[in-house]
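Chains as they are written, first to last, in the working numbering: chain A, 109 to 404; chain B, 74 to 540.
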């Protein structure tokens, strides 16, 4: 009896201890998630009571909002081109920095440094770098006799400009790749060298397979992150020029917090969730074909 | 463990007692919660109110963040049932707030507090009336207007008469071509006459549309007429003007090189002429006191073409104070908005702003209040200020032009209209994606759809019929 009482007390204590966290989770995360699902079937302008309208928001989304498709295209463009570029570049830099050279710690710091800069500061900085008249990028291009594009002022070049800007922040992925590279046992390389493998073969048959779980992780996180791209466009271009940088979440933000179509914005959020979910599922499905887990 | 539980219980009890104490004490005093701008000048003004109203306890919450953020905060507070008693709003948004049933109509307070429309500049008062129910929802506080500014030195440099600004669009287009400068790589280094919002001008689109005889909406704001032939013609001219100064991409690139304050493009000769607001005078006095500038009204093009007569036109915005629906203390709230927009409040504000400028060793120029008689005092105060005669004359002109001013159509879709006409649709034309006609046709359709939805909602809620 006494033992049971003690147990009960412990249980209560445990619940009390997790209470703050679970309250936070349910009130500020799970609650709004459920609410947004309900609102997605409603016409809700915040101040007036919500009205149930069935699938009207979804219907409008798929058939009556060309900007939504444009914003989705812009976002997918960033994902399809930006994420692989980011992985290739950050992996290349990681490979270089994995060499035993003098001052490697210094170089690693240098390449990581941009990742510490907050998005807002980075955006403001790059507005100057990308300025077509006085910016650094076009100045360097002009040294080679190339007339640089209009970058953020141009409908064609605004998205590539954002991708280039994103490549500046490869430091985060680079660190992850570095960690992955150091986990590859040296004896595999030694064995490959003894068997006469050259650098490329060692990379292809040892490094890549051993690193594939890391690449997979970076790929999945990169896709999820890029599908939610927002800050740069909000600060640097306001979605322009000509909606070229109107990304999905930015369009959603406009609908929710400028037009106060909360119901519609909720529906958009759930559509994005499904897209991200599907993309991640597809990734997981394809993973066994190329990701190698040592433990298996 | 038991100790721990006891402590928790004790803590909870304490909190409950504290909260109830706060509620009781706040009910005992007549508190007035005001969400309005902060800063030294405003806070001095609120203090003056507090001094003259000792029985009211003023609880002031400074509004921070940008336009979007402020609106989100107010909206959440109203939706959550905990609105402030008074809030500061953009006047052209009053209709949107009213359509959403978030503001208290204030007509019934007017006789008791001896407030009447004749005390305020007519246009600013009218802008606070929601045209669907003709109720007044706010008292106007301040306003502004738009004029043409030009740099006389640049005019001389290219051999133009520095004292005269051409009146017709054809001449102005020629002027723009003549004044715009490029470097040897083809980059813009000077815009001749900036008329497009965001590319050196402010409010140019609106005022030029009216100047040309265009109308954006029908009188009761139930029908969008953004594709009015006169507005199409206006946008067409805006495209021509932009193309004349290198096109929109080059202008945007050029804009990226502009600075602020003493480095502002008009002060350093990167813009030769522009349509901009009356606040420019104070900036000139502060950052470019030696600028040799001229200033002129924008004239009605439609009247000039017919009768060769110069009739000015300008565009006003500004702010107002309103009482949200569900405010706990609406009577004191009205006393506050009457006071702050009226003679006492505007006097206190002017005094505080003059003192503040003095303490910072900056020149001072008045803003335009909605309250008429206060503006006379503002001009008298300006006369004693150590600013140039050109600035004094310019400010006087800006004040006088209020007689000719217009405001954006009052409508719950006003913000969407602004985003189209100063943004999306306009840019489609500037970037030559669509013809001006096509761009405005499409925008008209989009805004009308949103407006129809809002009308439906409003008609259902109020049981009234608009169409």
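Ideal Cβ positions, reconstructed from N, Cα and C, are used throughout, including at glycine. Computed from a predicted model, the values in this text were never measured in an experiment.
State buried or exposed for residue 227/B, treating a residue as buried only when at least 16 other CB atoms are found within 10 Å of its CB. Locating residue 227/B in the second chain gives position 154, counting from the first residue. Residue 227/B is buried by the Cβ-count criterion.
If we require 4 or more residues per run, which alpha helix (DSSP H) segments fall completely within the segment 447-497 of chain B? Restricted to the segment 447-497 of chain B, the alpha helix (DSSP H) segments that are unbroken, complete and at least 4 residues in length are 462-473 and 487-492, listed in chain order.
What are the start and end residues of the alpha helix (DSSP H) that includes residue 137/A? One-based indexing of the first chain puts residue 137/A at position 29. Neither: residue 137/A is in no alpha helix (DSSP H) and is coded neither H nor E.
Inter-residue CB distance, residue 175/B and residue 397/B (contact presumed, cutoff 8 Å): Your numbering for residue 175/B matches position 102 in the second chain. Your numbering for residue 397/B matches position 324 in the second chain. 6 Å between Cβ atoms; contact.
Residue nearest to residue 167/B in terms of C-alpha spacing, selected from 139/B, 211/B and 149/B: Here the question's residue 167/B lines up with position 94 in the second chain. Ranked by how close their Cα comes to the Cα of residue 167/B, the residues 139/B, 211/B and 149/B have 211/B in first place.
Let me make sure I understand the geometry here. Which of 360/A, 396/A, 382/A and 389/A has the alpha-carbon closest to that of residue 178/A? Within the first chain, numbered from 1, the residue matching residue 178/A stands at position 70. Cα-wise, what sits closest to residue 178/A is 360/A.
Buried or exposed, going by whether 16 or more other CB atoms sit within 10 Å of the CB of residue 386/A? Reading the first chain from its first residue, position 278 is the one you call residue 386/A. Residue 386/A comes out exposed.
If we ignore side chains and look at the alpha-carbon of each, how far apart do residue 318/A and residue 400/A end up? Position 210 of the first chain holds residue 318/A. Position 292 of the first chain holds residue 400/A. The alpha-carbon of residue 318/A is positioned some 7 Å away from that of residue 400/A.
What is the DSSP secondary structure of residue 258/A, counted as helix, strand or coil? Locating residue 258/A in the first chain gives position 150, where the first residue counts as 1. Here DSSP, grouped into helix, strand and coil, assigns residue 258/A to coil.
CB contact below 8 Å: residue 488/B versus chain A: Walking along the second chain from the start, residue 488/B turns up at place 415. Nearest CB-CB separation between residue 488/B and chain A: below the 8 Å threshold.
Residue 215/B, enclosing beta strand (DSSP E) - first and last residue: As a working note, residue 215/B is residue 142 in the second chain. It spans 211-216 - the beta strand (DSSP E) in which residue 215/B sits, taken as one unbroken run.
Within 9 Å of chain A by C-beta, residues of the segment 135-167 of chain B in sequence order: Look at the segment 135-167 of chain B: the residues with a C-beta under 9 Å from a C-beta of chain A are 141, 142, 144, 145, 148, 149, 151 and 152.
Per DSSP, what kind of secondary structure is residue 150/A in: helix, strand or coil? Within the first chain, the letter at position 42 stands for residue 150/A. Looking at residue 150/A - three-state DSSP - the assignment turns out to be strand.
Any beta carbon from chain A within less than 8 Å of residue 203/B's own beta carbon? Within the second chain, numbered from 1, the residue matching residue 203/B stands at position 130. Residue 203/B does not count as touching chain A.
On the three-state DSSP scale, how would you describe residue 404/A? If you number the first chain from 1, residue 404/A lands on position 296. Low local confidence applies: a pLDDT of 46 at residue 404/A is under 50, so the model's placement there is unreliable, and no value is given.
For the beta strand (DSSP E) holding residue 366/B, just list the boundary residues, first then last. As a working note, residue 366/B is residue 293 in the second chain. 366-369 is the extent of the beta strand (DSSP E) around residue 366/B.
Excluding sequence positions up to five away, which residues of its chain have a Cβ less than 6 Å from the Cβ of residue 133/B? Within the second chain, the letter at position 60 stands for residue 133/B. Correct list, in chain order: 107 and 119.
Proximity of residue 498/B and residue 515/B at Cβ, strictly below 8 Å: The residue you call residue 498/B lines up with position 425 of the second chain. The residue you call residue 515/B lines up with position 442 of the second chain. Yes; because the gap between Cβ atoms is below 8 Å, this pair is in contact.
Please classify residue 161/B: does DSSP put it in a helix, a strand, or coil? Residue numbering aside, residue 161/B sits at position 88 when the second chain is read from its first letter. DSSP places residue 161/B in strand when its eight states are reduced to three.
Pick from 504/B, 460/B and 223/B: whose alpha carbon is nearest that of residue 349/A? For the purposes of this step, residue 349/A is identified with residue 241 of the first chain, where counting begins at 1. When each option's Cα is compared against that of residue 349/A, the closest is 504/B.
Using a threshold of 7 Å, is the CB atom of residue 519/B nearer than that to any non-hydrogen atom of the ligand PLP? Questions concerning the ligand PLP fall outside what the structure shown contains, since it holds no ligand whatsoever.
Taking the alpha carbon of residue 371/A as the reference point, which residue from 210/A, 253/A, 154/A and 299/A has its own alpha carbon closest? Residue 371/A sits at position 263 when you count from the first residue of the first chain. If we check each option's Cα against that of residue 371/A, 154/A comes out closest.
Report the neighbours of residue 174/B on chain A: residues whose CB is nearer than 8 Å to its CB, in chain order. Position 101 of the second chain holds residue 174/B. Per Cβ cutoff of 8 Å: 155 and 156.
By Cβ distance below 8 Å, which residues in the same chain neighbour residue 208/A in space, the five residues on each side in sequence not counted? Here the question's residue 208/A lines up with position 100 in the first chain. Within the same chain, residue 208/A has no close Cβ partners at all.
Is residue 120/A helix, strand or coil by DSSP? Sequence index remark: in the first chain, residue 120/A carries index 12 (1-based). Three-state DSSP puts residue 120/A in a helix.
Going by C-alpha to C-alpha distance, which of 357/B, 238/B and 173/B sits closest to residue 371/B? For the purposes of this step, residue 371/B is identified with residue 298 of the second chain, where counting begins at 1. Taking the Cα of residue 371/B as reference, the smallest distance to any Cα among 357/B, 238/B and 173/B is reached at 238/B.
With a Cβ-Cβ cutoff of 8 Å, do residue 260/A and residue 238/A count as a contact? Taking the first residue of the first chain as 1, we reach residue 260/A at position 152. Taking the first residue of the first chain as 1, we reach residue 238/A at position 130. Yes, Cβ-Cβ distance for residue 260/A and residue 238/A is below 8 Å.
Proximal residues, the segment 351-368 of chain A versus chain B, C-beta separation under 8 Å: Residues of the segment 351-368 of chain A with a C-beta less than 8 Å from any C-beta of chain B: 351, 365, 366, 367 and 368, listed in chain order.
At the 8 Å Cβ level, is residue 414/A part of the contact set with chain B, yes or no? The requested residue 414/A does not occur in the structure, where chain A is confined to residues 109 to 404.
Is it buried or exposed for residue 194/B, if we count other Cβ within 10 angstroms and need 16 for buried? Numbered from its first residue, the second chain carries residue 194/B at position 121. Answer is buried; the Cβ neighbour count reaches 16.
According to the neighbour-count rule (16 or more other Cβ atoms, all chains shown, within 10 Å of its Cβ), is residue 290/A buried or exposed? Stepping through the first chain from its first residue, residue 290/A is reached at position 182. Per the 10 Å Cβ criterion, exposed.
Count the other CB atoms within 10 Å of the CB of residue 459/B; is the residue buried (16 or more) or exposed (fewer)? As a working mapping, residue 459/B is identified with position 386 in the second chain. That one is exposed.
C-alpha gap between residue 388/A and residue 184/A, whole angstroms: In the first chain, counting from the first residue as 1, residue 388/A sits at position 280. In the first chain, counting from the first residue as 1, residue 184/A sits at position 76. It is roughly 14 Å from the alpha-carbon of residue 388/A to the alpha-carbon of residue 184/A.
Contact with chain A by residue 275/B, beta-carbon distance below 8 Å: Within the second chain, residue 275/B is the residue found at index 202, counting from 1. Cβ-Cβ to chain A under 8 Å: no for residue 275/B.
Assigned secondary structure, residue 126/B (DSSP; H/G/I helix, E/B strand, else coil): Indexing the second chain from 1 puts residue 126/B at position 53. Note: residue 126/B maps to coil in three-state DSSP.
Taking 8 Å as the cut-off, decide whether the C-beta atoms of residue 384/A and residue 355/A are in contact. Along the first chain, one-based indexing puts residue 384/A at 276. Along the first chain, one-based indexing puts residue 355/A at 247. It is not a contact, given that the beta carbons lie outside the stated cut-off.
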